[in-house]
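Have a look at the structure below before the remarks.
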Amino acid sequence: MYGSTIFTAIVIVVVFALSSWKLKSTEFSIFLAAIAGAIAGGFGFPVRLLVEGWFTYFDVALIFVTASIFINMYTETGAMDALIRKLVENFFNHKWIMMIFMAILMIIPGALTGAGSVSIFVVGGLVTTVLTYMGLSKGKIVGFIYVFAMLAAAAPPINLWAMLMTAQANMPYVGFDVVLIVPIAIISIFSILWFGRGAKPQKKNEVLTKLPKPVEKMNWVRILTPLLVLVVLILLQKYVAFYIPVIGLPLTFVLSALVVLLVNPKKTSFKRWMTVISRTMEQVF
C-alpha cells in the first residue's frame, strides 16, 4: 500500500516538474500531473473527475475570457485613448480631480475582467504618462500603478477570488458589491492623497503632445455607449432579474462587445478583430 502511494506521488512530482519545464504553464502541468497520478494509482483515465473539475469553474472562466475580449476590443477602437485625452484637456489643471480619474481608469479594466494585469496592459502606459507630467516621481508612479491594479482585481463586478470560493461552495455570487466597494474606496482615497502630495503639474500642452492622437469621429457618445450598455445590463440583472430573461455575465460582455463594433468609428477589418481576440486569449492563458 505504502509502496503504491509513494510510487504515485513520485509520478505526480516528476510529471509536474517536466511539464512545468517544457510547457511553462502551471495550470496544464497540474492537469497532466493529475492524469498521470490517477493512472499510476490504478484508477485509469479519470474522465468523470476531469469533467466535474472543468465545469465547476466553467462560468468563471467564460466571464474572465469574455470580459477580457470586451475591454481589449473597446481599447482597439481608440476609445480609451480618447477618454484619457479628454480628461486631460478638461481636468489636468485640477490635480486632485485628475488623480481621482486616473485611479478610476486604472480600476475599470481590472474590475471588469477580474485581473489587475489587464489594467496595466490597457491603461498603464497612458496613466504613467499623465502622472509623470503631473509631477509624480517614478517611485510614486510605480506605487500608484501597482496599488490600483491590485484594487482593480478585487473590485466588483468581477472578483475572481470570490467567484472561485462561491463556485467551490456551490453558492451564488451575490451580495459582494458593498463588501468590496467600501474597503476599496477607503484605500483608494488614502492612496490618492499619499501619492499625490507634493506633486506639481506641468503645462497641459506638454502632456497632450505625448498622448496618442484621437481617432477621427471619436466623441463622448462613442466612448461612453459600450460602458453604459454594460452597466445597464448588469444593473438590470441585479434589480429586475425576475422580469427579464436570464442573460448572465458572459453574454453581457458579448453584447457589450457587439455594441463596441457598432459604435467603432474606425474601419477595422475582420482579420484585425481576430488578431485582437487571439492576443486576448494569449493574455488570459
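When the sequence shown is numbered by my numbering, its final residue is 277 and no position is left out of the sequence of numbers. Heads up, the beta-carbon is just placed ideally off N, CA and C, and yes, glycines get one too. Since the model is a prediction, treat every value here as computed from it, not as a measurement.
Host alpha helix (DSSP H) of residue i (start-end)
i: Gly240; result: 240 to 255
i: Pro218; result: 212 to 231
i: Asn162; result: Segment: none, Asn162 is in no alpha helix (DSSP H) and carries neither H nor E.
i: Ser11; result: -6 to 15
i: Pro175; result: 169 to 188
i: Leu128; result: No alpha helix (DSSP H) holds Leu128; DSSP gives it neither H nor E.
i: Gln275; result: 262 to 276
i: Pro101; result: 87 to 105
i: Glu19; result: 18 to 32
i: Gly45; result: 39 to 48
Buried or exposed by the 16-neighbour rule on C-beta atoms within 10 Å, applied to residue i
i: Arg214; result: buried
i: Leu128; result: buried
i: Ala25; result: buried
i: Ser(-4); result: exposed
i: Ile178; result: exposed
i: Tyr231; result: exposed
i: Pro164; result: exposed
i: Thr267; result: exposed
i: Asn151; result: buried
i: Pro175; result: exposed
i: Ala233; result: exposed
i: Leu104; result: buried
i: Leu241; result: buried
i: Leu220; result: exposed
i: Phe37; result: exposed
i: Ser17; result: exposed
i: Met91; result: buried
i: Val171; result: exposed
i: Ile(-2); result: exposed
i: Met157; result: exposed
i: Val224; result: exposed
Rounded separation between residue i and residue j - CA only
i: Pro101; j: Trp13; result: 32 Å
i: Phe93; j: Val134; result: 17 Å
i: Met72; j: Lys78; result: 10 Å
i: Val246; j: Leu228; result: 16 Å
i: Ala249; j: Pro218; result: 7 Å
i: Tyr125; j: Ile27; result: 54 Å
i: Asn64; j: Gly190; result: 34 Å
i: Ser261; j: Ile269; result: 13 Å
i: Lys263; j: Phe277; result: 21 Å
i: Val110; j: Tyr(-6); result: 46 Å
i: Tyr138; j: Lys132; result: 10 Å
i: Thr121; j: Leu97; result: 13 Å
i: Leu222; j: Ile22; result: 35 Å
i: Glu274; j: Trp212; result: 31 Å
i: Lys195; j: Ser180; result: 26 Å
i: Ala159; j: Pro193; result: 46 Å
i: Arg271; j: Trp265; result: 10 Å
i: Thr58; j: Asn162; result: 22 Å
i: Val52; j: Ile61; result: 14 Å
i: Val251; j: Ala74; result: 17 Å
i: Ile226; j: Gly106; result: 15 Å
i: Phe83; j: Phe136; result: 19 Å
i: Ile55; j: Val39; result: 25 Å
i: Phe8; j: Trp153; result: 24 Å
i: Leu123; j: Phe50; result: 39 Å
i: Glu19; j: Ser11; result: 10 Å
i: Leu15; j: Leu243; result: 32 Å
i: Phe168; j: Leu42; result: 29 Å
is_contact[residue i, chain C] using C-beta, thresh 8 Å
i: Val174; result: No chain C appears in this structure, which consists of one protein chain only.
Cβ contact check for the segment 195 to 203 and the segment 223 to 243: 3 or more pairs under 8 Å:
Verdict: no, contact absent.
I want to know whether the segment 206 to 213 touches the segment 142 to 155 - three or more CB-CB distances under 8 Å.
The count of Cβ pairs closer than 8 Å, one atom from the segment 206 to 213 and one from the segment 142 to 155, stays below three, leaving the stretches out of contact.
Can we say the segment 61 to 70 touches the segment 255 to 272, given the rule of at least three CB pairs closer than 8 Å?
Enough Cβ pairs lie closer than 8 Å, so yes.
Meets three-Cβ-pair contact criterion under 8 Å: the segment 78 to 89 and the segment 45 to 56
Touching, no, given that fewer than three Cβ pairs across the two stretches are closer than 8 Å.
Quick check: the segment 108 to 120 against the segment 184 to 198, are at least 3 beta-carbon pairs closer than 8 Å?
Taking one beta carbon from each stretch, the segment 184 to 198 and the segment 108 to 120 have fewer than 3 pairs nearer than 8 Å; the two do not touch.
Do the segment -3 to 4 and the segment 31 to 44 meet, that is, are 3 or more Cβ pairs less than 8 Å apart?
Contact holds: three or more Cβ-Cβ distances are below 8 Å.
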